[in-house]
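Line by line, the protein sequences give chains S and D.
If you count by my numbering, then the first sequence holds residues 2 to 461, one letter each, in order.
If you count by my numbering, then the second sequence holds residues 2 to 322, one letter each, in order.
Built from N, CA and C at the ideal position, the CB exists for glycine as well.
Everything on this sheet refers to the single structure shown next.
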Amino acid sequence: MAATAAAHAGKDMGAILKDCALAGLLGLAIFAPIIGLKTASAPGGLILEQRWGTVFIAAGIVFAGRLALHLLFWSRVDRAKVKAGAPSRLAAKLEPLIPFIGVTMLLAAVILPWLPSTDRYILDLGILVLTYVMLGWGLNIVVGLAGLLDLGYVAFYAVGAYSYALLSTRYFPMWMPEFLMPWAFWICLPVAGLLAACWGVVLGFPVLRLRGDYLAIVTLAFGEIIRVILQNWYTFTGGPNGISGIPRPSFFGIEFTREENGFASVFGLDYTSMHRIIFLYYVILLLALITNFVTMRLRRLPIGRAWEALREDEIACRSLGINTVSTKLTAFAIGAMFAGFAGSFFATRQGFVSPESFVFMESALVLAIVVLGGLGSQIGVVIAAVVMIGGFEMFRNLDFLKNIFGNDFDPGQIRMLIFGLAMVLIMIWRPRGLMTRRDPTIFLKEKKAVSGDLVAEGQG
Amino acid sequence: MTASTDTAMLTVERLTMRFGGLLAVNDLSFTVGRTDITALIGPNGAGKTTVFNCLTGFYKPTEGRITLRRANGETFLLERMDDFRIARHARVARTFQNIRLFSGMTVLENLVVAQHNVLMHASRLTVGGLFGFAGYRKAEREAMDKSRYWLEKIRLTDRADDPAGDLPYGAQRRLEIARAMCIGPELLCLDEPAAGLNPRETEDLNNLLLFIRREHDIGVLLIEHDMAVVMEISDHVVVLDYGEKISDGSAAQVRADPTVIRAYLGVEEDEEAPEVAALVSEAVPGAAAKAKPARSKPAKPRKTATKSNKPARETGQGGRK
């Protein structure tokens, strides 16, 4: 018995070594051109420097690493289990804590500006994260609930930002009486949201019949069309120069200025520029919470159930008398409206908008947040936004790594590498996102979460 | 014919459906009586599901007229209506051959989604619901009561909060019927409701359909291969073959019709007809008395009808059981 086991292990060892050697050779082949050859400038032009020693060291590391993996990890863990993507026990334990996590995060978000360690940088980061949380929640309606893959979501963000910018700098002063000027933000914000919603419907109409890949392509194109128009309609949007001098929001009519009737003097405080930042932080927190509240509420209403039913099975929806056209359009419109609000906020916070802020990368980032968080999960979006936006920023601050890797090491440069790695790992371990379970909208006796495996991702 | 024209709820006249060169349904006319159970049968590929898709608006027929008269006297021409309007206004509900439940939603949610239009109206296009007006809350309570009623009828009350995709197959079939009933239909179209059910579940299904007809005064039109269902509960049977109607009448009439037997089994000699009748009567013990006496000798190898230019085809579940 022992002998057979030993023989088995021996045979295993041979196979392992063979596998490691193969990995090492592969590493050699890959590293040879990447690391082995380096162009260097020399008098008279570029020369090729050869660094074969480094290549062999790298291949050796691959070999040793693979061997270590075989001996330490893969011998114990059942590999098939890992591949199947079985939810980890940790995740299962965390699921009941979700409401608790939500409340904790909300409290943390509310008290963040008052923590002693909070400086302007942290608050700015908080505002950025909350903007993406809001965008993620808005997109979650379209992608997560209605199951319509929208790759051009940034278009509505742009429409909101430009609507706000144009209204507040050009049309508001033209049409409105002087005393309303400090209220510009509070009046233009809903208008910008409504305009974005209109554009949501405008996009919705041509894509009603499309599904899956085709829908993704058309929405992607729509995002680009909006950006290109903003860039080229020079007389209206200012083209690549953008629009500057966008009015800042007021504290319900009281402006954040150093003057007599400014916020600081009215409330008897010393003037600091932090007041405005804190105020902006609470504005975006409020906007994001409204987005969340409305979405959660809509989910429990017939329209929200129709969205989810649409994601599950469009044909069955039609057989039950649900107008899928208006259902899809409302999903697009409401998703776009929240993007419009976020866009308005973006414009007022920056004081400046230009087409460069609304590139495809933004759509991709928001979509990545929604997918990473788990389609349809509100709390998942928050976690994903904190991880992706906040985590991204963290890399700027990892100076201590220089002590380990030497002074030439710039952690900012490996951000994308780590980001890609994290995405790959998540795709392996939690292919349906961090929070996969679906909360039923109504229940008879007890509320049981629906396993993510049963929930459809939508055909369109 | 059991349903005379004045009591007919659904009248199909000269319905034709072409897909390119393929004539799926050709010049088909039949009626469905109010509160009748009408079965649409025929060999595989006869065009039954195409007829269903025309009735429920999923296909636009090439030619023909489909008239539906609701109990309140309203008349709808279904061939020119959108599919969801047929369900909403003409109150024609349907199920699908391959079950189409919202599998990621719970059983209860499936039933509530089916009451979308009532709830949507009560929620004043969402605005009233968003602010929680009393009218909407009342409508939601009523929707819950209706769902509870149907849950009880299909015996799924205990599983109301489980995802629909987790249910066993038979329960999914029942749930799909209950979901269709939740839109408040006057005509219920069932596409092979007994497919894949065991005999006990089939018995259950029969009782459910008879109950629906009795208590809810609605017409049922069903496609079925399982003769145990067709012969036992239907008042009226329409037989299709190659897109054309070959027989129409009560279950007993159709069973004795030689054209039907020929279409199903591809026999050409009349002497083999009794065998088929026996086969059918085996499936329906209750109807056995009416059937012709059993054959005298063991079945000989069936001859295919080469003359009639139709290939022999499998009879599906047609004669089994």
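Please report whether the beta-carbon of residue i lies at a distance below 8 Å from any beta-carbon of chain D.
i	result
residue 378/S	no
residue 421/S	no
residue 329/S	no
residue 455/S	yes
residue 302/S	yes
residue 397/S	no
residue 451/S	yes
residue 446/S	yes
residue 179/S	no
residue 310/S	yes
residue 260/S	no
residue 465/S	In the structure displayed, chain S extends from 2 to 461; residue 465/S sits before or after that span and is not available.
residue 151/S	no
residue 271/S	no
residue 313/S	yes
Closer than 8 Å by beta-carbon distance: list the chain D residues that pair up with residue i, in chain order.
i	result
residue 431/S	What residue 431/S touches in chain D: nothing, since even the nearest Cβ is about 17 Å away.
residue 317/S	97, 101, 102 and 103
residue 411/S	None at all; the shortest Cβ gap to chain D is about 45 Å.
Verify the CB distance criterion: does residue i have a CB-CB separation below 8 Å to chain S?
i	result
residue 9/D	no
residue 192/D	no
residue 134/D	no
residue 53/D	no
residue 1/D	Outside the displayed span of chain D (2 to 322) sits residue 1/D, for which this structure offers no information.
residue 17/D	no
residue 117/D	yes
residue 146/D	no
residue 251/D	no
residue 68/D	no
residue 218/D	no
residue 167/D	yes
Can you list the residues of chain S that residue i reaches, using a CB-CB cut of under 7 Å?
i	result
residue 89/D	322
residue 184/D	321 and 322
residue 57/D	320
residue 258/D	The premise fails here: residue 258/D is roughly 32 Å from chain S at the closest Cβ pair, so nothing lies under 7 Å.
Report the rounded CA-to-CA distance for residue i versus residue j, giving the unit in angstroms.
i	j	result
residue 190/D	residue 187/S	53 Å
residue 176/D	residue 97/D	12 Å
residue 362/S	residue 193/S	23 Å
residue 34/D	residue 12/D	9 Å
residue 1/S	residue 388/S	The shown model of chain S, from 2 to 461, leaves out residue 1/S, and the question about it has no answer.
residue 37/D	residue 68/D	16 Å
residue 64/D	residue 305/S	38 Å
residue 450/S	residue 35/S	49 Å
residue 260/S	residue 354/S	27 Å
residue 208/S	residue 373/S	25 Å
residue 379/S	residue 221/S	24 Å
residue 40/S	residue 56/S	15 Å
residue 443/S	residue 101/S	21 Å
residue 130/S	residue 141/D	37 Å
residue 29/S	residue 58/S	9 Å
Anything in chain D within Cβ reach of residue i, meaning under 9 Å, just list it in chain order.
i	result
residue 441/S	106, 107, 109, 110, 162 and 164
Cβ closer than 9 Å: which chain S residues qualify as neighbours of residue i?
i	result
residue 113/D	303, 306, 442 and 443
residue 32/D	Chain S residues near residue 32/D: none, gap ~23 Å exceeds 9 Å.
residue 326/D	Residue 326/D lies beyond the stretch modelled for chain D, which goes from 2 to 322, so this question has no answer here.
For residue i, return the contacting residues in chain S, with the cut-off set at a CB-CB distance below 8 Å.
i	result
residue 131/D	295, 298, 299 and 302
residue 207/D	Going along chain S, no residue has its Cβ under 8 Å from residue 207/D, so there is no contact; the nearest lies around 23 Å.
What I want to know is whether the C-beta of residue i ends up closer than 7 Å to one or more non-hydrogen atoms of the ligand FMN.
i	result
residue 115/S	Summarising the ligand content, the structure contains no ligands, and the ligand FMN is consequently not present.
If the cut-off is 9 Å on Cβ atoms, which residues from the region 70 to 85 of chain D count as contacting chain S, listed in chain order?
83, 84 and 85
What are the complete alpha helix (DSSP H) segments, minimum 4 residues, inside the region 203 to 242 of chain D?
228 to 234
Uninterrupted beta strand (DSSP E) stretches inside the region 86 to 110 of chain D (no shorter than 3 residues):
93 to 95
Could I get the ranges of all uninterrupted alpha helix (DSSP H) runs contained in the region 296 to 351 of chain S, with 4 residues as the minimum, in chain order?
303 to 313, 315 to 320 and 325 to 351
In chain order, which beta strand (DSSP E) runs of at least 3 residues are fully inside the region 17 to 55 of chain D?
23 to 34 and 38 to 42
Name, going along the chain, the residues of the region 19 to 49 of chain D whose beta-carbon falls closer than 9 Å to a beta-carbon of chain S.
none
Alpha helix (DSSP H) segments (min. 4 residues) lying fully within the region 369 to 413 of chain S
379 to 386, 392 to 395 and 402 to 406
Suppose only complete runs of 3+ residues qualify. What are the beta strand (DSSP E) ranges in the region 22 to 62 of chain S, listed by chain order?
38 to 43 and 46 to 51
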